[in-house]
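Quick note on the numbering used here: the sequence shown kicks off at 3 and runs consecutively. Structure first, then comments.
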Amino acid sequence: MTNPEFSLADEDFPKGWRLGQKQQVVSVDPQDKPPGATRSLHVEINIEVGSQLGEIGQTITVKPNTLYRVSGWMKGSRSGIAFYQIKRRKGRKELERIGTKKNGTDWQRVEVRFNSGDADNVQLLCRWAHGAKQVGTQVRFSQTELIEATGLPREGEHDPIAVATFESIGLYWKPREGSADNVCQVAYKPWVPRRGGEVMIFGSIRISTVGDRRTVKSIVAVWCTFSRAPSMTFVCD
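Below is the structure:
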């Protein structure tokens, strides 16, 4: 990255960064910053632009099929305005958008990991909403970082996506660490059938059969470490 801490500025604008829209006031702030930082990027949202998000960012060359971590600090005068976003790209073609969680009102560090896959570059963006509700608010970013994450401690398990059918629910995982080069390792967990009216806790999943008191006949749980999306299916009598 170029100038990740916004410490280099030209007329109060951070060197190495490109501003997507120029309606808002963007400047480097040496006063309001998180612990250990020298500067923060200050965005004053004074003009309503609409549903399109504001952004300041830079394009960075990455290795293919490599795990990366994006991290940074954020805060805003109101919660839920700003976030960091990565756009995986091959040449100029966008492949995927990956975002962190949004800001709070106090300084908070956020991070997200991703595998570059077949991308050869990424755009790292500081983004913010600037609709009518955000006019008069401010957001700040600081200590933005993009590093290779291979060998770093992994995050916790990813939450599944549930897809319901008439007599089953499929739960699907696809961690962002996945890539074609990572081998999918699966493990199966058996489940003893339960009668209707009982509640089952399976990891972070809570299932209740109280509704129609049918028996949950079987559960097939496939846990996957990497790229191939595993699933868990509940089959009812």
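Virtual Cβ for every residue (Gly too), placed ideally from N, Cα, C. All figures in this text were calculated on a predicted structure; none of them were measured in a lab.
Just verifying my parser: in three-state terms, what is the DSSP assignment at residue i?
i	result
K103	coil
Q33	coil
Q23	coil
K135	helix
W109	coil
R41	coil
N48	coil
P66	coil
F8	coil
T146	strand
E96	strand
T211	Summary for T211: the model assigns pLDDT 45, below 50, so the residue's position carries little reliability; its value from the coordinates is reported in the next sentence. DSSP places T211 in coil when its eight states are reduced to three.
Given a cut-off of 8 Å, decide if residue j and residue i are closer than it, judged by their beta-carbon atoms.
i	j	result
R71	R99	no
N67	N123	no
V27	N5	no
G59	Q23	no
T102	S81	no
Q145	E7	yes
C128	L43	yes
V64	A131	no
S29	D12	no
Here's a check: name, in chain order, each residue in its chain whose Cβ is nearer than 7 Å to the Cβ of residue i, leaving out the five neighbours to either side.
i	result
E96	K89
W109	P36, W75, K77
L148	M3, I62, Y70, V72, L126
G52	G133
L21	V28, I58
K92	D120, A121, D122
With a threshold of 16 other CB atoms inside 10 Å of the CB of residue i, please say whether the residue is buried or exposed.
i	result
A134	exposed
Q87	buried
G119	buried
I83	buried
R142	buried
Q136	buried
R41	buried
Could you please give the first and the last residue of the uninterrupted beta strand (DSSP E) stretch that includes residue i?
i	result
E57	52–63
L69	69–78
I88	84–92
With a CB to CB cut of under 6 Å and the five nearest residues on each side skipped, what residues in its chain are close to residue i?
i	result
S79	T139, Q140
K17	N5, L10
V112	T102, K103
CB of residue i to nearest heavy atom of the ligand FAD: below 7 Å?
i	result
R99	Judged by which ligands are present, the structure shown has none, so any question about the ligand FAD falls away.
Quick one: what's got a C-beta closer than 8 Å to residue i's C-beta in the same chain, skipping five residues either side?
i	result
D34	S42, H44, R142
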